[in-house]
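Visitor: Would you mind keeping the following structure in view while I ask a few things?
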Amino acid sequence: MSSLLLRKMLYLLGMTLLISFISFVAINAAPNSFLSAGELNPNMTPQAIERLKQVYGLDKPMLEQYVGWLWSMAHLDFGVSFVSGQSVIDEIAKRLPITLSMNIAALIAVFALSIWLGIKAAVSFEHRSDHLIRQISLISFAMPSFYLALLGMLLFSVWLGWLPIAGVHSVEPKSGLAYYLDMVYHLILPVGVMVFVSIGSMTLYIRSLTLEILKSDYLFFARARGLSERTILRRYILPNLLPPVVTLLGLSLPGLIGGSVILEAIFGIEGMGQLFYLSALSRDYPVIMGILTVGALLTLLGNMSADLLLMRLSPFMKRSVS
Amino acid sequence: MPRFSIALLLSIVLAVVFGALFWPHSSYTFDADAILLPPSWEHPFGTDRLGRDLLARVIEGGRVSLLIGIGSALVSSLTGLVLGATAGYFRGTVDKLFVVAVDLFLTFPTFFLLLALASYMNASVWVLIFIISVTGWMTTARLIRSESFAITQRPYIKILSIAGVSRSKIIFKYYTPLLAPIVLVSFTFGVGGAILAESGLSFLGLGIVAPQMSWGTILSGGKEVIDIAWWVSFFPGLMIFLVTLSLMNLSNYLQQRTNRKELQL
């Protein structure tokens, strides 16, 4: 069992290395480098560009650069951003709180809502609420997130004037509790959009899992014993939904630090998505690689904790974790 | 039958393909006297910042969006079919390689891959089709693979090989046709997904380059004027939404008819 877990971890670690290498090559082989803006400057002499390359370590062969990056990574040294000159850790730490709080709020709402909707759809299989919930899920699939964001801004900010149109804080400074309430007020619309566009796939997934449970022999027997629907839900359906939900929670851990580039851009939120987008555009590879690595480490962590939790939840799972 | 979805899809496709023959306005002509006009009989979808008629632009942009949608879905379903069926049929090492490749593409941050690819090539219709299918073939491939496992277990496939029927005949005549329903479901789903992906790329400025237009670029072009002219973004976005929703409904229906596993994004 534990050797299986170990093998899985090694596989994921190998995958992480491979991804970091491919990303590194992709950034470095791209036609315009971090310095190409400087190369257009007529006052830049070739010698000056060479010196800059030396400063940033871009003059060395790519493989050497990669090994150097890997070596400092092994010492938990994420390096310094080319663009801002600040350490990558600082850059990430500055952006992380807002992205993290939005994502956690959205995650809780998505899980709670889709478990509720998914079970409701499954127990009323092929009836009105099932059709309705499935249609809502498909609408959530088909809705482009920024279109929904634009419509939301139009309705709630421009026409009704209930919610602020963009940003995270009001212009006038606030302190203490008011500061946080103001932030929550600003984040209602972006988080609402995030929840709506991601609720569809989760709901359909929970629905099909619940349908499987409803078809099982043990549920048939539970019904035959005359247990109430409430007991069946609490003792049979929910506990059996737990393992896949735990796995999903583990899988969504890396997503927590990745901001949505599109939603952050449209709502003017300076989060991780924006940082990643800007660094990718300016080929600021220490920042890009830093974010990718943190994401990959969280993937490992999420996978591992989900597996361990699953084994605690049900001894039966010990055999199926692979 | 999802009659409503099919009717909606057909009318939008017909309007996009033949609309330009009947609609008098051009999608390129600037009109300084008609800047940001709201919807009216003269301009049912209004006009944009340069006074161009939006209905004409939505018709013209629809061709690009639909072409990208259909093209990407075609390429990614076929890629998924070939790779998934190969892995499912041969198993062993081939299958292991397949799993690693799928894992790699799934764990690789899609957005980063899109950005990296877009920086090598200027966005044309063909480049966008390539980019979207490179990041979108995995779901189909996995479904095909697991279905292949089930099919190759069926007795008659085994009997065929015992009976001495050649391998290529088994593969192309008795095995691949059974995978057609999944490919069809993934294809309808994929067209919608690709239209959405294209609009996302346009929003980030990586979409089709002006003067060409797609629903995605018209939609994101309207975001600066959303507070004074809602119609610029509203209509192209509505088209994306309606087409995608109809396709998902259709795909959902086909999937239930063929009783396959749920497609998951």
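Chains as they are written, first to last, in the numbering used here: chain A, 8 to 329; chain B, 12 to 276.
Quick reminder that beta carbons are idealized off the backbone N, C-alpha and C, glycines included.
This one's a predicted model, so the numbers in the text were calculated from it and none came from an experiment.
Kindly list the residues whose CB is nearer than 7 Å to the CB of B/ALA26, restricted to its own chain and excluding five residues on each side of it in sequence; keep chain order.
Guide: Here the question's residue 26 of chain B lines up with position 15 in the second sequence. Around B/ALA26: ILE70.
Visitor: Does the distance from the CB of B/LEU190 to the CB of B/LEU139 come in under 8 Å?
Guide: Start at 1 with the first residue of the second sequence, and residue 190 of chain B comes out as number 179. Start at 1 with the first residue of the second sequence, and residue 139 of chain B comes out as number 128. Going by C-beta atoms, B/LEU190 is not nearer than 8 Å to B/LEU139.
Visitor: Across the segment 293-302 of chain A and the segment 80-89 of chain A, are there enough close Cβ pairs to call them in contact, namely three or more that are closer than 8 Å?
Guide: yes
Visitor: Hey, B/ALA205 and B/ILE155: beta-carbon distance below 8 Å or not?
Guide: Taking the second sequence and counting its residues from 1, the one referred to as residue 205 of chain B is at position 194. Taking the second sequence and counting its residues from 1, the one referred to as residue 155 of chain B is at position 144. It is not a contact, given that the beta carbons lie outside the stated cut-off.
Visitor: If you measure from the beta carbon of A/SER30 to each beta carbon in chain B, is any gap under 8 Å?
Guide: Position 23 of the first sequence, counted from the first residue, corresponds to residue 30 of chain A. Yes, contact with chain B.
Visitor: Relative to the C-alpha of A/LYS15, which candidate in A/ALA33, A/THR306 and A/LEU320 has its C-alpha closest?
Guide: Your numbering for residue 15 of chain A matches position 8 in the first sequence. Closest by alpha carbon: A/THR306.
Visitor: Scan the segment 110-136 of chain B and note each continuous alpha helix (DSSP H) run of 4 residues or more that stays entirely inside, going in chain order.
Guide: 121-131
Visitor: At a CB distance below 7 Å, what residues from the segment 145-162 of chain A approach chain B? Give them in sequence order.
Guide: Cβ contacts with chain B come from LEU145, ILE146, PHE148, ALA149, MET150, PRO151, PHE153, TYR154, LEU157, MET160 and LEU161.
Visitor: Just to confirm the assignment, what range does the alpha helix (DSSP H) spanning B/ARG63 have?
Guide: Walking along the second sequence from the start, residue 63 of chain B turns up at place 52. Element bounds for B/ARG63: n/a, residue is neither H nor E.
Visitor: Under the three-state reduction of DSSP, which class applies to B/VAL69: helix, strand or coil?
Guide: Against the second sequence, residue 69 of chain B aligns to sequence position 58. Helix.
Visitor: In chain order, what are the residue ranges of uninterrupted beta strand (DSSP E) at least 3 long that sit wholly in the segment 84-150 of chain A?
Guide: none
Visitor: Using a Cβ-Cβ cut-off of 8 Å, state whether B/LEU126 counts as contacting chain A.
Guide: The residue you call residue 126 of chain B lines up with position 115 of the second sequence. Among the CB atoms of chain A, one or more fall inside 8 Å of the CB of B/LEU126.
Visitor: Going by C-alpha to C-alpha distance, which of A/ARG141, A/GLU98, A/LEU184 and A/PRO251 sits closest to B/MET259?
Guide: Translated into positions along the second sequence, residue 259 of chain B becomes position 248. Closest option to B/MET259, Cα to Cα, is A/ARG141.
Visitor: Run through DSSP, which three-state label would A/ASP314 get?
Guide: The residue labelled residue 314 of chain A in the question sits at position 307 within the first sequence. Looking at A/ASP314 - three-state DSSP - the assignment turns out to be helix.
Visitor: Considering only the beta carbon of each residue, do A/ILE213 and A/ILE122 sit closer than 8 Å?
Guide: As a working mapping, residue 213 of chain A is identified with position 206 in the first sequence. As a working mapping, residue 122 of chain A is identified with position 115 in the first sequence. A contact, by the Cβ cut-off of 8 Å.
Visitor: What residue range is occupied by the uninterrupted alpha helix (DSSP H) comprising B/GLN164?
Guide: Indexing the second sequence from 1 puts residue 164 of chain B at position 153. Premise fails: B/GLN164 is in no alpha helix (DSSP H) and is neither H nor E.
Visitor: State the start and end residues of the unbroken alpha helix (DSSP H) segment that holds B/PRO192.
Guide: Start at 1 with the first residue of the second sequence, and residue 192 of chain B comes out as number 181. Per DSSP, B/PRO192 belongs to the alpha helix (DSSP H) from 191-214.
Visitor: In the structure shown, what three-state DSSP assignment does B/TYR39 receive?
Guide: Taking the second sequence and counting its residues from 1, the one referred to as residue 39 of chain B is at position 28. Three-state DSSP puts B/TYR39 in coil, outside helix and strand.
Visitor: Confirm, please, whether the CB-CB distance from B/TRP226 to B/SER76 is below 8 Å.
Guide: Residue numbering aside, residue 76 of chain B sits at position 65 when the second sequence is read from its first letter. Residue numbering aside, residue 226 of chain B sits at position 215 when the second sequence is read from its first letter. It is a contact, given that the beta carbons lie within the stated cut-off.
Visitor: Alpha carbon to alpha carbon, how far is B/VAL254 from B/LEU230?
Guide: The sequence position of residue 254 of chain B within the second sequence is 243, counting from 1. The sequence position of residue 230 of chain B within the second sequence is 219, counting from 1. Cα to Cα, the separation comes out at about 15 Å.
Visitor: Going along the segment 302-315 of chain A in order, which residues come within less than 9 Å of chain B, judged by CB to CB distance?
Guide: So the close ones are GLY302, ALA303 and THR306.
Visitor: For A/LEU184, count neighbouring C-beta atoms within 10 Å of its own C-beta (all shown protein chains included) and say buried if the count is 16 or more, exposed if not.
Guide: Your numbering for residue 184 of chain A matches position 177 in the first sequence. Under this definition A/LEU184 is an exposed residue.
Visitor: By how many angstroms is the C-alpha of B/PRO120 removed from the C-alpha of B/GLY232?
Guide: As a working mapping, residue 232 of chain B is identified with position 221 in the second sequence. As a working mapping, residue 120 of chain B is identified with position 109 in the second sequence. About 26 Å.
Visitor: The ligand MG and A/LEU315: does any heavy atom of the ligand fall closer than 7 Å to the residue's C-beta?
Guide: The ligand MG is not among the ligands present in this structure, which contains no ligands whatsoever.
Visitor: Taking the alpha carbon of A/GLY257 as the point to measure from, which residue in A/ALA149, A/ILE96 and A/LEU114 has its own alpha carbon closest?
Guide: The sequence position of residue 257 of chain A within the first sequence is 250, counting from 1. For the residues A/ALA149, A/ILE96 and A/LEU114, the minimum Cα distance to A/GLY257 belongs to A/LEU114.
Visitor: Near A/GLY174, what residues of its chain come up, given a Cβ to Cβ distance below 8 Å and the 5 sequence neighbours on each side ignored?
Guide: Reading the first sequence from its first residue, position 167 is the one you call residue 174 of chain A. Excluding sequence neighbours, A/GLY174 sits near HIS193, PHE274, GLY275 and ILE276.
Visitor: Roughly how many angstroms lie between the CA atoms of A/SER286 and B/GLU209, to the nearest whole one?
Guide: Locating residue 286 of chain A in the first sequence gives position 279, where the first residue counts as 1. Locating residue 209 of chain B in the second sequence gives position 198, where the first residue counts as 1. Rounded to the nearest angstrom, the two C-alpha atoms are 22 Å apart.
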